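Enquirer: Here it is, the structure in full.
Structural data, given as structure tokens:
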């Protein structure tokens, strides 16, 4: 059970949460979330989750891999935040954590009561809509807030007209 969201009537701002990863479609989700946030007077949060299971190597190798993954993730977050700042004119809150993606999304939603909408983008690949969209579609993986799924094929202009 997720705690009650902190709405505008209680002094909160609606935050749109987009997940950043190495997939090409994550940029579509970020663009949509930022434009919706700006149009509604809200804010946007970009979350990058590093899978901690990837660092179970020998101690020294795992530490090097973790540091490289953190640097790459921070670079991706910073680059995307700058792209959104330039294109949309909104500052993104960026968060980098380690863990399992679905668990970390739930943890962040519970911790930040202003997060009201999770925005994901579907892949246009032939092998399915992508791991996050597939997880949301699974019966046991529902998130405690509304989820918007953006088609990967939408252009910036189409996203702008929808927001």
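Numbering (our numbering), first residue to last: 1326 to 1488.
Backbone N, C-alpha and C fix where the C-beta goes; we use that ideal spot for every residue, glycine too.
Remember, predicted model here, so these are calculated numbers, not experimental data.
Which partner residues does residue 1274 have in the DSSP bridge list?
Expert: Because the chain in this structure spans residues 1326 to 1488, residue 1274 falls outside the shown range and cannot be described.
Enquirer: Let me confirm a value: residue 1347 is counted as buried when at least 16 other C-beta atoms fall within 10 Å, else exposed. Which label applies?
Expert: If you number the chain shown from 1, residue 1347 lands on position 22. Exposed, because fewer than 16 other Cβ atoms sit within 10 Å of the Cβ of residue 1347.
Enquirer: Just curious, the alpha helix (DSSP H) that residue 1484 is in, first and last residue?
Expert: Taking the chain shown and counting its residues from 1, one reaches residue 1484 at position 159. 1481-1487 is the extent of the alpha helix (DSSP H) around residue 1484.
Enquirer: Quick one: what's got a C-beta closer than 6 Å to residue 1471's C-beta in the same chain, skipping five residues either side?
Expert: As a working note, residue 1471 is residue 146 in the chain shown. Cβ within range, chain order: 1442.
Enquirer: Where DSSP assigns a beta bridge to residue 1443, which residues make up the other side?
Expert: Counted from its first residue, the chain shown places residue 1443 at position 118. According to DSSP, residue 1443 bridges with 1342, 1472.
Enquirer: State the Cα-Cα distance for the pair residue 1367 and residue 1361, rounded to the nearest angstrom.
Expert: By one-based count along the chain shown, residue 1367 stands at place 42. By one-based count along the chain shown, residue 1361 stands at place 36. Each residue's alpha carbon lies about 8 Å from the other.
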